[in-house]
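Participant:
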Amino acid sequence: MSDSANQRSLTRRGFIVASGAGALSFAAACSSKHSTASGAGTKNALGLTLQSGAASATDQYYVQAFDSTGASYKALDFYESVYSRAPLADQFNIPLVRLDPNYSIVPGAATKWEQAADGNSWTFHIRPGIMWSDGKELTAADYIETLRYSADPKHAWDFSWFWSGVIKNYTEAVAGKVPTSEIGVKQGTDKYALVIQTEGPIAYVPSACLYTTPLSAAALSKYGSGSYNINPATCVTCGPYTLTKFDPTATIVLGPNKKYSGPFAPPIAALVGKIYAGGDMLPRFQTGEIDTISVTPLDLKIAAKNSRTKNLHLYKNPNDFEIWYTFFDTKKAPFNNVKVRQALAHCVDRDSLVKSLLAPLATPAYGYLTPGYPFAVEDPLKPLTNYDPGKAKSLLAAAGYPNGKGFPQVTFNWWANAVSNTESVVQALTQNWNKQLGINIKLQELDKTTFYARMNKKPTQIQMGFVSYGMDYFDASNMLSVYKSGGRHNWDNAQYDGLLAKGAAESKAAQRQEIYTEAQTLMTDQAPAVFVFHLLYGYYYAPYIKGSALAKNKDGYDGIQWPGFGATSNSLQQLYVANSVSSWPRQKQSGVL
Amino acid sequence: MIAYLAKRFLTLLLVMLVVTMLIFGLMHAVPGGPFDQTQQPLRGPALANITRKYGLDQPIWRQYLHWLWALLHGDLGIPFEQPTMSVTQLIRKAWPITLIVGGITIGISYVGGLIMGCIAALKHNTWLDWLLTSAVSTAGVALPNYVVGFLLISVFSVKLGWLPAGGWGQPEDLILPVIAFSLYPMALMARYTRASTLEVTYADYVRMGRARGLSERRITLRYILRTALIPLITIMGPNIPNILTGSIFIEATFALPGLGSYFTTASLHRDYPLILALVLIVAVLWGTCYILSDIAYTLVDPRVRLEGLSR
Numbered sequence: 166m167s168d169s170a171n172q173r174s175l176t177r178r179g180f181i182v183a184s185g186a187g188a189l190s191f192a193a194a195c196s197s198k199h200s201t202a203s204g205a206g207t208k209n210a211l212g213l214t215l216q217s218g219a220a221s222a223t224d225q226y227y228v229q230a231f232d233s234t235g236a237s238y239k240a241l242d243f244y245e246s247v248y249s250r251a252p253l254a255d256q257f258n259i260p261l262v263r264l265d266p267n268y269s270i271v272p273g274a275a276t277k278w279e280q281a282a283d284g285n286s287w288t289f290h291i292r293p294g295i296m297w298s299d300g301k302e303l304t305a306a307d308y309i310e311t312l313r314y315s316a317d318p319k320h321a322w323d324f325s326w327f328w329s330g331v332i333k334n335y336t337e338a339v340a341g342k343v344p345t346s347e348i349g350v351k352q353g354t355d356k357y358a359l360v361i362q363t364e365g366p367i368a369y370v371p372s373a374c375l376y377t378t379p380l381s382a383a384a385l386s387k388y389g390s391g392s393y394n395i396n397p398a399t400c401v402t403c404g405p406y407t408l409t410k411f412d413p414t415a416t417i418v419l420g421p422n423k424k425y426s427g428p429f430a431p432p433i434a435a436l437v438g439k440i441y442a443g444g445d446m447l448p449r450f451q452t453g454e455i456d457t458i459s460v461t462p463l464d465l466k467i468a469a470k471n472s473r474t475k476n477l478h479l480y481k482n483p484n485d486f487e488i489w490y491t492f493f494d495t496k497k498a499p500f501n502n503v504k505v506r507q508a509l510a511h512c513v514d515r516d517s518l519v520k521s522l523l524a525p526l527a528t529p530a531y532g533y534l535t536p537g538y539p540f541a542v543e544d545p546l547k548p549l550t551n552y553d554p555g556k557a558k559s560l561l562a563a564a565g566y567p568n569g570k571g572f573p574q575v576t577f578n579w580w581a582n583a584v585s586n587t588e589s590v591v592q593a594l595t596q597n598w599n600k601q602l603g604i605n606i607k608l609q610e611l612d613k614t615t616f617y618a619r620m621n622k623k624p625t626q627i628q629m630g631f632v633s634y635g636m637d638y639f640d641a642s643n644m645l646s647v648y649k650s651g652g653r654h655n656w657d658n659a660q661y662d663g664l665l666a667k668g669a670a671e672s673k674a675a676q677r678q679e680i681y682t683e684a685q686t687l688m689t690d691q692a693p694a695v696f697v698f699h700l701l702y703g704y705y706y707a708p709y710i711k712g713s714a715l716a717k718n719k720d721g722y723d724g725i726q727w728p729g730f731g732a733t734s735n736s737l738q739q740l741y742v743a744n745s746v747s748s749w750p751r752q753k754q755s756g757v758l
Numbered sequence: 005m006i007a008y009l010a011k012r013f014l015t016l017l018l019v020m021l022v023v024t025m026l027i028f029g030l031m032h033a034v035p036g037g038p039f040d041q042t043q044q045p046l047r048g049p050a051l052a053n054i055t056r057k058y059g060l061d062q063p064i065w066r067q068y069l070h071w072l073w074a075l076l077h078g079d080l081g082i083p084f085e086q087p088t089m090s091v092t093q094l095i096r097k098a099w100p101i102t103l104i105v106g107g108i109t110i111g112i113s114y115v116g117g118l119i120m121g122c123i124a125a126l127k128h129n130t131w132l133d134w135l136l137t138s139a140v141s142t143a144g145v146a147l148p149n150y151v152v153g154f155l156l157i158s159v160f161s162v163k164l165g166w167l168p169a170g171g172w173g174q175p176e177d178l179i180l181p182v183i184a185f186s187l188y189p190m191a192l193m194a195r196y197t198r199a200s201t202l203e204v205t206y207a208d209y210v211r212m213g214r215a216r217g218l219s220e221r222r223i224t225l226r227y228i229l230r231t232a233l234i235p236l237i238t239i240m241g242p243n244i245p246n247i248l249t250g251s252i253f254i255e256a257t258f259a260l261p262g263l264g265s266y267f268t269t270a271s272l273h274r275d276y277p278l279i280l281a282l283v284l285i286v287a288v289l290w291g292t293c294y295i296l297s298d299i300a301y302t303l304v305d306p307r308v309r310l311e312g313l314s315r
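In structure tokens form, the structure reads like this:
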């Protein structure tokens, strides 16, 4: 009995001791886990002291996923190829200017810039002491040689339109009429002063200079092209990263540039681009393979049912301010009649359409420019495009088609885009037009390449089509120029062209706003297009991805804003991996840091 | 046999020549070109520069002859999609991945399908037959492989966390794609094996064998299966090129950097050199597989003789 009692007592004691030891070990294990993951106060691979709450320096890498379907990757530099740039491009340099999350132009390599008194040139002052990894200093010569290379007919740069009509003699150089040395890009008073001479007074040059991501003049001269940057052995960088691995079918890894001497050292010291030939990205995010994903409406539904992702915050922003719209060939009947176009514009229930088919990743489009984009207006345009079937019928009757009688059969071309749910959208639009107006619009799907080939033919081979446009640079002159006479679509309007020219030359913001409001009103009223929706991009970030780069901006958009995580944005300095990384099944990337 | 093979391979060469001419003409006939842009189309001088750079400013017949001449010298050109490597290098890089996945798929699905079909036939009208024929093989034929792929990812990657959701580089990356890719050919093989085995099981010569007291094992292996294999050659042959050139869906679902995706992207990009190279691969594989199928018939069935060898 006593033995038994003694045994029980020992067992109880043993249990208490064991429990205590277990609890202590658990606490120790937990604390050791956190202490292992914490990197606050230590330096990352770029020599930057990590902030409070940051994970260890070896965790400071960022894994992004890229879908290579329909993409070609042959360069890592804007001036080598724009449309065939690989993921993680443009990280080996510092552009003259950058964008902050509120879309304001902030200093990059240039600390200041000014327009000449006659308005015909801009001077950018480059900060001294930024070194390339080959030991040479970043100077105006790098920007000059890069821009000359872009105009070289032998290079056949795929984005040469960008500087045509902006930089003096650029168009002539691309056409081979003048040597590239004669384009309006010169050194100023010293090697740090870059002068850009323009074709006339152009106010938006600083905005366009976001895309002055230079190649190294020395490397360009040595290798003859910008392709040296896709080989880790020949990569020359003045940005915080250097090329570690370039396999455009699977992985691209940018490691820390240990020789980095620029002013923008980021907490994240390495970037990993996982390239997938299509497929579903959500499981890759859920299993910790990647740190962030851009989600589709379908992903949102699936994520809501998963215990790991259902409580994640959905970040939303317009990224490149893409609008989807229906365009017309306004030179041919029936769309040469403005009343027909206006009738169709008033016969789109944008709010319902967005709510039922696209929410929360779109907003109704009453104007061409997305709210938040420079000089965008919305309210003054609503009466011109609001949903009013009665008014639409009256307009159609006034155009000579009462109740749709006599309206010819029209073909409405489109191409499938899953992110924008184009199939459902064009069906909803067509059904409503045909039903409400008694007309006969027939849908015809084309493959993307055929669609654009036919649309871009002069004159266009598409009578009516559904298409999108995302900005190239952050100024109204860019998006609005899409509808310039002789531009993307078959609509000519001298008054509109005049307003665009006036707006581009005007340097005062208030006056520019007035001019661009007038241009937007004119365009909306003349309805060369029916605006349907502005696309919003949705993002999930793993809970350990933190930083002010994700916070809401002045327009209420959050997540990493356009132009994304890179040298052209100051988000680079505002994102880090937090020590909560251990709470997520993040897959360790070996050999990255 | 040599004369027969030489004749067949010469015919194959002729077929390939005609196929490449047709494809060359067709791909230039469809609207759009490799350097058409979606946002801002290249303007006059820029477009002229880029088309000149790739020789696309030449007449189409000259472009074809130039391509053919280069081909005869072992040069398949530079893909517009990835001009940093040649078409040959691109194929050398991507195809082995497809071949590994396809090879394992062929092994598993053909052997598995054969075994399943035999068991179902030998145990026909039993619960085992029902399970293998109705459940497994019907599901394998009816379910598209990308649906199977998503199901496998949901269960084994997301829920259980046992296997990667996709990618390439480690042995475990192969498991889910191969399972998803194998189901259809395995089901197909099982169904055909069952049908042909059942047909033979009641043949007179099999009954005769039983009447003579031969063992069931001997009857099954030597009398039933050997004869049942003949129609399977018809099924197996054409399936091999399909599997060895990759499944667009499987490679996309599991993010395999194989050859499959290039079949669509090359067409979408109007990547002429790559399209031609892929067409050549498919044509050669199909032609070769048909020739090998013909030879296999003669080996399995002595009654079959190749043309020119029967007398």
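Protein chains in written order, with the numbering used here: chain L, 166 to 758; chain E, 5 to 315. C-beta: ideal position from N, C-alpha, C; glycine also. Just so it is clear, the structure is predicted and the values come from calculations on it, not from any experiment.
1) Listing by chain order, which chain L residues have their CB less than 7 Å from the CB of E:Ser161?
2) With E:Val105 and E:Pro181 assumed to form a contact (beta carbons below 8 Å), what rounded beta-carbon distance in angstroms separates them?
3) With distances taken Cα to Cα, identify the nearest neighbour of L:Ala282 among L:Ala468, L:Ala670, L:Thr615.
4) Checking the sheet assignment: what are the DSSP bridge partners for L:Ala220?
5) Determine, using beta carbons only, whether L:Ala435 and L:Val746 come nearer to each other than 8 Å.
6) Alpha carbon to alpha carbon, how far is L:Ser221 from L:Ala194? Give it in angstroms, no decimals.
7) Residues of the region 277-290 of chain L with a CB closer than 8 Å to any CB of chain E: list them in chain order, please.
8) So with Cβ pairs under 8 Å, would you call E:Phe258 a contact of chain L?
9) List the residues that DSSP assigns as beta-bridge partners of L:Arg250.
10) Can you give me the start and stop residues for the alpha helix (DSSP H) that E:Tyr150 sits inside?
11) Would you call the region 233-247 of chain L in contact with the region 687-695 of chain L, where contact means no fewer than 3 C-beta pairs closer than 8 Å?
12) Just the Cα atoms here: how many angstroms apart are L:Ala593 and L:Leu518?
13) Strictly under 8 Å for the Cβ-Cβ distance: is E:Phe267 near chain L by that measure?
14) Suppose the cutoff is 6 Å on Cβ atoms and the five residues either side in sequence are ignored; what does the same chain contact list for L:Phe289 look like?
15) With E:Ala199 as the anchor, note down where its alpha helix (DSSP H) starts and where it stops.
16) Quick one, are the C-beta atoms of E:Val162 and L:Pro448 less than 8 Å apart?
17) For E:Leu60, which of E:Gly78, E:Pro45, E:Met31, E:His77 has the nearest alpha-carbon?
18) Would the region 246-262 of chain L count as touching the region 425-441 of chain L if we require 3 or more Cβ pairs under 8 Å?
19) Residues of chain E with CB under 7 Å from L:Pro366, in chain order?
20) If you draw a straight line from the alpha carbon of E:Leu218 to that of E:Tyr206, how long is it in whole angstroms?
21) Would you kindly report the start and end of the unbroken beta strand (DSSP E) that includes L:Ile440?
22) Please list, in chain order, the chain L residues whose beta carbon lies closer than 7 Å to that of E:Glu176.
23) Please return the same chain residues whose Cβ sits closer than 8 Å to the Cβ of L:Ala188, not counting the five positions on each side in sequence.
24) What does L:Pro413 touch in chain E if you count any residue whose Cβ is under 7 Å from its own?
25) Please classify L:Glu310 as buried or exposed, where buried requires at least 16 other C-beta atoms within 10 Å of its C-beta.
26) Flag L:Trp326 as yes if its beta-carbon sits less than 8 Å from any beta-carbon of chain E, otherwise no.
27) Mind checking whether L:Pro405 and L:Leu740 have CB atoms under 8 Å apart?
28) Just to confirm, is the Cβ distance from E:Leu135 to E:Ala194 under 8 Å?
29) Give the list of continuous alpha helix (DSSP H) stretches no shorter than 4 residues that lie fully inside the region 459-523 of chain L.
30) What does the alpha-carbon distance come out to for the pair L:Asp690 and L:Val542?
31) How many Å lie between E:Leu260 and L:Ala321 at the Cα?
32) Do we get a CB-CB distance below 8 Å when we pair L:Gly663 with the residues of chain A?
33) Over the uninterrupted alpha helix (DSSP H) stretch that includes L:Tyr388, give me the two end residues.
34) I want to see whether chain E comes within less than 8 Å of L:Asp640, judged by CB atoms only; does it?
35) What are the start and end residues of each continuous beta strand (DSSP E) run of 3 or more residues lying completely inside the region 327-353 of chain L, in chain order?
36) Residues of chain E with a CB under 7 Å from the CB of L:Val339: which are they?
Facilitator: In short:
1) Locating residue 161 of chain E in the second sequence gives position 157, counting from the first residue. Within chain L, the residues near E:Ser161 are Pro448, Thr452.
2) By 1-based counting over the second sequence, the position of residue 105 of chain E is 101. By 1-based counting over the second sequence, the position of residue 181 of chain E is 177. About 6 Å; that satisfies the 8 Å criterion.
3) In the first sequence, counting from the first residue as 1, residue 282 of chain L sits at position 117. For the residues L:Ala468, L:Ala670, L:Thr615, the minimum Cα distance to L:Ala282 belongs to L:Ala670.
4) Walking along the first sequence from the start, residue 220 of chain L turns up at place 55. L:Ser203.
5) Locating residue 435 of chain L in the first sequence gives position 270, where the first residue counts as 1. Locating residue 746 of chain L in the first sequence gives position 581, where the first residue counts as 1. For the 8 Å CB-CB criterion, L:Ala435 and L:Val746 do not form a contact.
6) For this step, residue 194 of chain L is matched to residue 29 along the first sequence. For this step, residue 221 of chain L is matched to residue 56 along the first sequence. Only weak support exists for where L:Ala194 lies, its pLDDT of 42 falling under 50; the value from the coordinates is given anyway. Computed Cα separation, rounded: 17 Å.
7) Listed by position along the chain: nothing, the set is empty.
8) As a position in the second sequence, residue 258 of chain E is number 254, starting the count at 1. Yes, E:Phe258 counts as interfacial toward chain L.
9) The residue given as residue 250 of chain L occupies position 85 in the first sequence. Checking the DSSP bridge columns, you'll see L:Arg250 partnered with L:Ala240.
10) Position 146 of the second sequence, counted from the first residue, corresponds to residue 150 of chain E. Where E:Tyr150 is concerned, the enclosing alpha helix (DSSP H) stretches over 149-156.
11) no
12) As a working note, residue 593 of chain L is residue 428 in the first sequence. As a working note, residue 518 of chain L is residue 353 in the first sequence. Each residue's alpha carbon lies about 8 Å from the other.
13) Counted from its first residue, the second sequence places residue 267 of chain E at position 263. Cβ-Cβ to chain L under 8 Å: no for E:Phe267.
14) Locating residue 289 of chain L in the first sequence gives position 124, where the first residue counts as 1. Excluding five sequence positions before and after L:Phe289, the CB atoms of its chain that fall closer than 6 Å to its own CB belong to Leu261, Ala275, Trp278, Leu359, given in chain order.
15) Within the second sequence, residue 199 of chain E is the residue found at index 195, counting from 1. First-last of the alpha helix (DSSP H) with E:Ala199: 179-205.
16) As a first step, residue 162 of chain E must be located in the second sequence, where it is residue number 158. As a first step, residue 448 of chain L must be located in the first sequence, where it is residue number 283. A contact, by the Cβ cut-off of 8 Å.
17) Taking the first residue of the second sequence as position 1, residue 60 of chain E is located at position 56. When only C-alpha atoms are compared, the closest one is E:Met31.
18) yes
19) Residue mapping note: residue 366 of chain L aligns to position 201 of the first sequence, counting from 1. Chain E residues near L:Pro366: none, gap ~23 Å exceeds 7 Å.
20) Counting from one through the second sequence, the residue named residue 218 of chain E turns up at place 214. Counting from one through the second sequence, the residue named residue 206 of chain E turns up at place 202. Computed Cα separation, rounded: 15 Å.
21) For the purposes of this step, residue 440 of chain L is taken as the residue at position 275 of the first sequence. Per DSSP, L:Ile440 is one residue of the beta strand (DSSP E) stretching across 435-441.
22) Taking the first residue of the second sequence as position 1, residue 176 of chain E is located at position 172. The premise fails here: E:Glu176 is roughly 12 Å from chain L at the closest Cβ pair, so nothing lies under 7 Å.
23) The residue you call residue 188 of chain L lines up with position 23 of the first sequence. Note that L:Ala188 has pLDDT 46, beneath the 50 cutoff, so the model's placement of it is unreliable and the number below is only indicative. Nothing listed; no residue qualifies.
24) In the first sequence, counting from the first residue as 1, residue 413 of chain L sits at position 248. Under the 7 Å cutoff, chain E gives Gln86.
25) Indexing the first sequence from 1 puts residue 310 of chain L at position 145. Result: buried.
26) Residue numbering aside, residue 326 of chain L sits at position 161 when the first sequence is read from its first letter. Yes, its Cβ sits closer than 8 Å to a Cβ of chain E.
27) Looking up residue 405 of chain L in the first sequence gives position 240. Looking up residue 740 of chain L in the first sequence gives position 575. The answer is no: Cβ separation not under 8 Å.
28) As a position in the second sequence, residue 135 of chain E is number 131, starting the count at 1. As a position in the second sequence, residue 194 of chain E is number 190, starting the count at 1. Not in contact: E:Leu135 and E:Ala194 (Cβ atoms no closer than 8 Å).
29) Segments of the alpha helix (DSSP H) lying fully in the region 459-523 of chain L: 462-468, 503-510, 515-518.
30) Counting from 1 along the first sequence, the entry for residue 690 of chain L is found at position 525. Counting from 1 along the first sequence, the entry for residue 542 of chain L is found at position 377. Distance between the alpha carbons of L:Asp690 and L:Val542 is about 14 Å.
31) Here the question's residue 260 of chain E lines up with position 256 in the second sequence. Here the question's residue 321 of chain L lines up with position 156 in the first sequence. C-alpha separation (whole angstroms): 32 Å.
32) The structure shown contains no chain A; the protein chains it does contain are L and E.
33) Position 223 of the first sequence, counting from 1, holds the residue named residue 388 of chain L. First-last of the alpha helix (DSSP H) with L:Tyr388: 382-388.
34) Residue numbering aside, residue 640 of chain L sits at position 475 when the first sequence is read from its first letter. Not closer than 8 Å to any Cβ of chain E, the Cβ of L:Asp640 fails to qualify, so no.
35) 350-352
36) Here residue 339 of chain L is taken as the residue at index 174 of the first sequence, counted from 1. Below the 7 Å Cβ cutoff, chain E contributes Pro49, Ala50 as neighbours of L:Val339, in chain order.
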